[in-house]
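Quick notes on the structure that follows.
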Amino acid sequence: MQKVSITKVSKSVTRNIEVRYEGLTRHQDIDISQLDNELEEFIHAKCRNDMLKNIMMIRTILDSIEEKSLVVSYEDENTLEMVKYDCTNLYFYQKQRKDKTLEITYMPNHGGLQIKDNYRDLEDYSTVQTVSKELVSAIDRIHDLTRVKKIILDENSKRMIEIYKVFYQENPNFQSKDINIRMQTMMSILNYFDLSVGYDFCLLGKMMMPISLRLEQDVERLYPFDEIDEVEDNVSLVQEAKKEIEMIGQAIRENVSGRKELNEKLITTSRVLHAKRYNLPSNCQVDAISDFIGRTPSEVKSTIKLVKQINDKIYG
């Protein structure tokens, strides 16, 4: 048995995060340094003011280690929240306002739930409402934190992964910096070709790229998995849909020299297709599309030509 101890701290002007983890592993081939790096990246880039999701992410990243002790604290300008686990059992939870008006502590082996408040007038209706909401929220949070486990691949996640593999002919890496761009553009392009992807898109941000906020959340949720090459009980795509997805992906990847160039082509294609279907008149000209999406007329013409080639291949 090998003992593993990892401590990570991230401090900034707006928030402080600390993770302390101790566990055991029976496998000598586990790369502890890689897990350490993944946890480091998570607390600096992906950690949020949601303790439930943070614990879920941490346990997914460190799934190959048997958890013995886990302590996580999250502090921002308004609140401080802390959880402590012993062999995955929650034995301490605390959430306190930085202005000292309210502190909620839960210790199942030492008195259960304790509440301290410094409100001057608890007979004031708005104050009572505030305290009640905080208390109900904390009880719900404690209930969830006692049961939180690692992230598992649900059917939607498995389907997303399979579509990615067919479209790009490579494994998805959910820790790559461009994974959201690749997923968003791919899914919005497939949506244009009436391949049901289950997401709705709208043009958002400076890039004017079709974005699904739900898809963004689904992709971010899978961050701890890194690169996925095999999936247990994989979802099989309908053969005809799989053939079309592969055809579309191959057409877009053709004549592209590198990853950056491919990403730009994906963004341009998704923007043109979304604008033509949802934002502009059906008979709009190339110049109108170019002005709307901020791409050159030649890029728009090239994309329209590409779409025609794809349609010819799909529909003969």
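Counting from 1 along the sequence shown, just add 140 to a position and that's the residue number in this note's numbering. Idealized CB from N, CA, C, for every residue including glycine. A quick note: this is a predicted structure, and the numbers were derived from the prediction, not measured.
- Per the coordinates, the alpha-carbon of residue 221 lies some 12 angstroms from the alpha-carbon of residue 246.
- Within the stretch 173-228, complete beta strand (DSSP E) segments of at least 3 residues are found at 206-216 and 219-226, given in chain order.
- Contact between the stretch 274-286 and the stretch 296-305 is absent: fewer than 3 CB-CB pairs across the two stretches fall below 8 angstroms.
- Within the model, the alpha-carbon separation for residue 223 versus residue 357 is close to 24 angstroms.
- Across the set 153, 439, 234 and 454, the C-alpha of 234 shows the shortest separation from the C-alpha of residue 252.
- Residue 335 sits close to residue 385, with the two beta carbons spaced by under 8 angstroms.
- In the DSSP assignment, the residues bridged to residue 350 are 343.
- Looking at 449, 168 and 157, the one whose alpha-carbon comes closest to that of residue 179 is 157.
- As the crow flies, the alpha-carbon of residue 448 is around 45 angstroms from that of residue 196.
- Secondary structure at residue 292: coil, using DSSP grouped into helix, strand and coil.
- When C-alpha distances from residue 213 are compared across 232, 205, 241 and 203, the shortest belongs to 232.
- The beta carbon of residue 437 sits closer than 7 angstroms to those of 426, 427 and 430, all from its chain and outside the five residues before and after it, given in chain order.
- Cα atoms of residue 185 and residue 328: separation of roughly 26 angstroms, rounded to the nearest angstrom.
- A buried status is given to residue 144, since no fewer than 16 other beta-carbon atoms sit within 10 Å of its beta-carbon.
- Residue 418 is classed as exposed because its beta carbon has fewer than 16 other beta carbons within 10 Å across all chains shown.
- The C-beta distance from residue 433 to residue 412 rounds to 6 angstroms, short enough to meet the 8 angstroms contact threshold.
- If one requires a minimum length of 4 residues, the alpha helix (DSSP H) runs lying completely within the stretch 277-333 are 295-308 and 319-332, in chain order.
- Only residues of its own chain outside the window of five on either side were considered, and among them 295, 298, 299 and 302 have a CB closer than 7 angstroms to the CB of residue 375, listed in chain order.
- Bridge pairing for residue 230: 225 [DSSP].
- In the same chain as residue 211, and ignoring 5 residues on each side of it, the C-beta atoms closer than 6 angstroms to its own belong to 160 and 224, in chain order.
- For the pair residue 270 and residue 216, the CB atoms are not nearer than the 8 angstroms cut-off.
- The residues 408, in chain order, have a CB closer than 6 angstroms to that of residue 435 in the same chain once the five nearest residues on each side in sequence are set aside.
- In this structure residue 421 is exposed. Its beta-carbon is surrounded by fewer than 16 other beta-carbon atoms within 10 angstroms.
- Rounded to whole angstroms, the gap between the alpha carbons of residue 167 and residue 364 is 20 angstroms.
- A straight-line Cα-Cα distance of about 37 angstroms links residue 354 and residue 257.
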